[in-house]
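Heads up, the thing below is written out as structure tokens.
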Amino acid sequence: MTGPAPEWEKRLEALWGSFDELPAEEFRARMAELTAEIAEDHPGTAYHELGGAEDSTGRPEQAAELYAKAIGAGLEGTRRRRLTVQLASTLRNLGRPQEGHDLLTAELARASDELDDALTACLALVLVDLGRPKEAAGLALGALAPHLPRYNRSMANYARIITEEARASGG
């Protein structure tokens with residue numbers, strides 16, 4: 001199934017671009033209007049964007065419910081991977097880091113794309129909350145290493161060693 005029309009995506013982008021200028025209630029209302037246009041044909045996308053609006057305006061409990069509905073509606077591809085980062089972060093903020101961990105590790109095992117580093121960065125945050133800061137540091141360093149202008153191989157090796165040692169010692 002293809003996603004919403006490019007024209008709708010542009011309006012969505014414009015709405016998110018106006019986020020800082022709108023009061024929270026107005027932003028959520030505009031998002032509800034915009035997603036209502038596609039809800040029948042693209043329910044996963046509608047729930048995802050509604051969840052993002054709730055999350056971004058300080059309503060994580062409502063966001064988590066909408067994100068779960070998006071997954072249940074069969075959201076796939078890049079949107080699903082973005083939603084995974086958002087939901088895992090929300091679960092972490094709600095004091096449910098293990099659920100975020102499980103979600104992130106499953107998604108990382110499921111596919112690979114340009115969002116791998118974002119998923120890994122979120123996983124590092126979750127690991128800190130789970131009391132595994134050394135493993136978190138190793139994962140974060142490993143995600144950063146390919147983006148460095150130099151020392152990529154050394155940093156990637158250090159990251160691997162730290163992560164392996166942390167996992168072997170349980171932390």
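According to our numbering, the sequence shown is numbered sequentially starting from 1.
For each residue, glycine too, the CB sits at the ideal point set by N, CA and C.
query	result
Cβ neighbour criterion (16 or more within 10 Å) applied to P23	exposed
Proximity winner among V126, I71, D102 and R79, relative to G95 (alpha-carbon distances)	V126
D20 in three-state terms, based on DSSP	helix
Residue ranges of each alpha helix (DSSP H) within the region 98-143, 4 or longer	116-129
Assigned exposure category for H147 - 16 Cβ within 10 Å defines buried	exposed
Rounded C-alpha distance that separates T57 from R28	8 Å
Top-ranked residue by Cα proximity to L119, from V85, N152 and L141	V85
Start and end residues, alpha helix (DSSP H) containing E54	P43 to S56
Identity of the residue in L144, E13, Q98 and A109 nearest G131 by Cα	Q98
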